[in-house]
Structures are given as C-alpha cells and as structure tokens.
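Protein chains in written order, with my numbering: chain C, 321 to 575; chain V, 553 to 930. Even for Gly, the Cβ is constructed at its ideal location relative to N, Cα and C. Please read these numbers as outputs of a predicted model, since none were measured by experiment.
Quick look at the structure:
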C-alpha cells in the first residue's frame, strides 16, 4: 500500500490484472495501477514524456481508434493482446527497422521472451536523420494529414497532462515518470480500449466493420456536437476535451 | 466505466478553451504571448517596484525537436540547461530553444546585454527561415519574427507587439479599433512588415504572393491575442464546411449574461488586380455572405474586412453597403498601397532625356506666353 492507496502491480491488458482492477473498483478500494507502460515523432514535437514501446503502441491504439474522426482510415485495426500491452506486429517490426537504419534512437533496450514474435522494450527517440525523413514524408498529402492528426493527438495529451498534475510536480526534474504514468492511465481509459479489454479475446479489434464507428469516434463526435453549440472549436480542442474526460475518469477511479 | 459519455461529463467540458491555432510555428508565437502573460502575472510586484533590469531580454527560438537540434546549434550557444515553462522565473533570459507548447525548453546561450544586443545577435547568427521571438520584460514587448521574414527588413521596420492587458470591458467596437491599428502598422504601406511579405515587389507591380489572406490572418491572430488578457482568438483549421471557413474568431468572457461568452467573427478578403475586375464585386459579396453564415448566438458582430490592394481602387462597390446593412454585417474597407513599379530601362532613358532638355531650357528662363508678356508690360 502506498499512502492512502493500494498499489496494483499488473501488466495491462493482462486479463488477470484487469480482473483484479475490476474487483478493486467494485469494492471501491482506492488504488493506483502500477502498470508498465508514427506517434513517436509527434510525441517529441508535443513534448510528451519519453516514448517507450508500450506507450508507443498504446498511442497507436488510441490513434487508430480515433483516426476516422479526422477522416483517416486506420492503417491497422487489430492489435494482439500480450502481457506487455497491445502489440502491433508490423508496427513493431517497422520500429526495429527504423532503429537499425539509424532513423530512430533506442536506449534501455531489453527483450521479452516471446514464443511467437521478437518483442522488445525500450525508449525511442527520433534521430536528426529520422526527423529529416519525417519532414520529407510530410510533404505528401497523406503524410501531412497523418502528421497533423498525430500531432494534434499528442498536443491534446500534453495539454491534458498540464492540467492533470500540480504545478510543483511539473516543476520537479523528476516529473517525467509521473507524467508518463498519468499519460498511460489516460490512454487506458480510452473508450475503445475499455471496450476491447472487457472482451478477453486474444485480439483487440477496434471495430467490427469499417463503417461502424468506434466508441472513441462516437465520443469525439458527441463532444464535437456539444461544443459546436457554444461556437465551434478546432478538432484538436475536441481531442483535448475528450482526454480531459478520460483524465477525470482516471481520477475518479484513483480517488 | 461506460463506453459512452454521460451528460455530467459533457457538461464538465463545456468551458473548453481553444488551444493556439495555425501552423506549428504560428502556434509557437501564440505560446510565446501566453507565456509572457504568465510571466508578467507571476512577476507583477517586481515590475511594479522596477526591479526588473530594463535590459533583461530573452530570445525564444522555435524548434520541433529542441533536444535534437540543440546539438546542431552550437554557433548560437553551447549551454544545455532545462527551463520549465511553469516556473516563469523572474530572471529568465538568454537564448532558449523551445517546442511549440513550451514543454521542452533548453537554454543554449547566456543572457544578452540589451534588446539591441539581441537584434545584433539574431541579425548575424540566426537564419531568416527560423521563427523566433525577442522579449523585453521591463517594456512588456515582444518582437515576433516569422520564418521567411527578411531579417534586415524586419529589423529596420521593427514593430513591437505590446502586451497592453487592457482592463476595460471588451466589445466588438474596441476590437475593430485594434484591427484598424493593425492595418495601419502592418499593412497600409508597402514598406510595412506584413505588406512586405505579401507583395512580390517593385519588379512585379500589383502582384501578390499566394494566400494573402492567410498572411494577414496569422499576424492579426497573434496581435489581437496580445492585446487583451482574457481574449481567445483562434482560426478554423478544419477543411471547408458548408458555411466556408471563418478566418478569425474572437471570444471573451461576459458576466451577467445568459451566455458565458461574447464573440465576433472576421472574414478577411483581399482584392488584387490578378483576380480580374469582374470578380471583385462577387468576392466582396461572398465575404459578406460568409460573415453572415458564421454568426453564432453569442456573436456581438460579424465583420467582412476587405483589404484592397488593387492598382486603381476607385470602384468601391458602394451598393454592397446596402446588402451588408441588410444582413447586419459590418463591411470594412482597408486600403493596401501597392509598391510603386520600378520604371523600365526605356522609360528611365526617356526620363533622363526629359530632365536634361528641361534643364537646358531652364537656363534660358521660362518661355513667355502672350499673357505673361502682357502682364509684365503692365
């Protein structure tokens, strides 16, 4: 137990951990889930905490779940549920390729023993060469649209984190891990994520058919309609409002 | 937790305010204004007691990846000190590389002796394709440099953005006055800063670079944001909708009212020769109709602002005043003087000959007409 909270050690979205979390919620026991933890470039541009493999895939999950709100068809709809969080096989292979080609810097590397795939954890940061390549890709129409969407998503996350943590925590040089944990909790509260972790399947599908809106897109559209009455804001403001709702849910759970 | 949002959750986010809008570099400028406001609020006492040195200045340099780019900016400084946005420290100074929301701020250079020293520094060390801001704290002034602004011209025509923090109640009329001042300072003459970035120059008389409305919008956005503490200014970034895209939205909080905010909308249109004279009337009319389309329940006024850069602006389409009045749209016209075309080599030679011949005649005195002869005889 830490302070007035229980600390739940678990690997999201492990069904055992999720079940334990559900039990603690049901019993109204205050707890903090100490779960372990492209959006990589935009996360840097938005000043988000360091991007681990787990955080990168969680950001990918939310971005795929939300992309239709920006009129972008998700590149990949299905993640595999692993004990190390949602896992996008091809994104992971691509990430490895980017590291090997020197476009992405990797540190704190450690491998996960997995029977089927090569999985590894680490902290990723684009290199200068990687930034240059990303700038070139942004010159295409699709590249620009993707970059803008992902940057908006990450800026909204940064704005939410700013509101989430007390000023003295943000001022502290040690604030980054705390920010990282809060970001992970917000990403886990994503409406689509919450829907799929309840299914206890091996896969984490975003949507049944491409026409079917994900809970995330439905939530964003509801907020859009609501705020439109008061004078339309931009889509990144809607993404920000959405994450503020998720943050309040996190606080509700923790508090 | 439900996978749908509850009414209570939706109510709780109704006060969402717009984040800085525009391109990343433009949002950076908006963040600079926000940060300076925060700094002034946090250091009000020091400012009142005049303990802030009049020379204290800082340069904020925009970068998408400050930590990475710092390594390639050793010409500007070799420090590597993390700066935190929320501290708004009284002694903030030096050269600081920042991302667009100031989540990453790295001081790479030491304090500068004065604003003059800062100007000297940027003119010699920083390329014109970079966006940066110089702030002098004692004067509450910001000098905004957008990427692409010619540095020599920028320094020679330096117009500070002053954080005035006007406390008087906001109204559409007050904001309209600020737009007039903006036009006078930045656009009216070809030598003005924003006008320089819009006109192609003397060698291409009366021609504008593409997207003139965007250029006006970007600068007006930051200037208005700096004028009032509680003013929210943002632009529509979305793809064009049925009502078109509003160029500038301005909102401010109001009290003792059913609605929490009041707002005003600006549709910006630029008239120039290349559009063809037949299009100008329709262009102004579309501005009026679009402005009307943007009206919201809390709108105090909606504006169609016409920036007129035509070589001959005698036709003012006065019939459209009636249309605008009927729609309750405020139609405002702002003249942008185009650069004087440089004469062709043939014209220059002819002019020289004319001067030479008139000079030769002048040595013999003016030619007397019959009338002057009569007058001199009397």
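Bounds of the alpha helix (DSSP H) holding residue 668 (chain V) are 667-677. Counting along the chain, residue 432 (chain C) sits inside the beta strand (DSSP E) bounded by residues 424-432.
Sequence-distant partners of residue 457 (chain C) (beyond 5 residues in either direction) whose C-beta falls short of 6 Å from its own C-beta, in its chain, are 463. Residue 655 (chain V) sits in coil when the DSSP states are folded into three classes, being neither helix nor strand. When the alpha-carbon of residue 583 (chain V) is set against those of V:768, V:846, V:774 and V:764, the nearest one is in V:774. Interface criterion met: the Cβ of residue 556 (chain C) is under 8 Å from a Cβ in chain V. Assigned with DSSP and collapsed to three states, residue 406 (chain C) falls in strand. Check the Cα spacing between residue 739 (chain V) and each of V:769, V:636, V:697 and V:601: the tightest is with V:769. Looking at the backbone, the Cα of residue 734 (chain V) and that of residue 475 (chain C) are separated by about 30 Å.
If you keep only unbroken alpha helix (DSSP H) runs of at least 4 residues inside the segment 740-811 of chain V, you get 745-750 and 764-779. Residue 367 (chain C) reaches chain V at 651, 653, 655 and 656, counting residues in chain order whose Cβ is nearer than 7 Å.
Residues of chain C whose Cβ lies closer than 9 Å to the Cβ of residue 568 (chain V) are, in chain order, 543, 547, 550, 553, 557, 558, 560, 561 and 564.
Rounded to the nearest angstrom, the gap between the Cα atoms of residue 559 (chain C) and residue 479 (chain C) is 10 Å. The three-state reading of DSSP puts residue 629 (chain V) in coil, since its state is none of H, G, I, E or B. At least one beta carbon of chain C lies nearer than 8 Å to the beta carbon of residue 564 (chain V).
The C-beta distance from residue 383 (chain C) to residue 359 (chain C) rounds to 6 Å, short enough to fall under 8 Å. Considering only C:378, C:467, C:326 and C:361, the residue with the shortest C-alpha distance to residue 508 (chain C) is C:378. One Cα belongs to residue 821 (chain V), the other to residue 572 (chain C), and the distance between them is close to 48 Å. Residue-level contact by beta carbon fails for residue 398 (chain C) and chain V, as no gap is shorter than 8 Å. The alpha-carbon separation between residue 668 (chain V) and residue 803 (chain V) amounts to approximately 36 Å.
Within the segment 856-915 of chain V, complete alpha helix (DSSP H) segments of at least 4 residues are found at 871-879 and 897-915, given in chain order.
In terms of Cβ geometry, residue 380 (chain C) and residue 411 (chain C) form a close pair [threshold 8 Å]. In this structure the segment 686-696 of chain V lies against the segment 583-592 of chain V, because at least three pairs of beta carbons, one per stretch, are closer than 8 Å. Per DSSP, the continuous beta strand (DSSP E) segment holding residue 525 (chain C) begins and ends at 523-525. Residue pairing of residue 726 (chain V) in beta bridges, as defined by DSSP: absent, with no partner found. Cβ neighbours of residue 675 (chain V) within its own chain (closer than 8 Å, five residues either side excluded): 703, 704 and 707. Rounded to whole angstroms, residue 685 (chain V) and residue 878 (chain V) show a C-alpha spacing of 43 Å.
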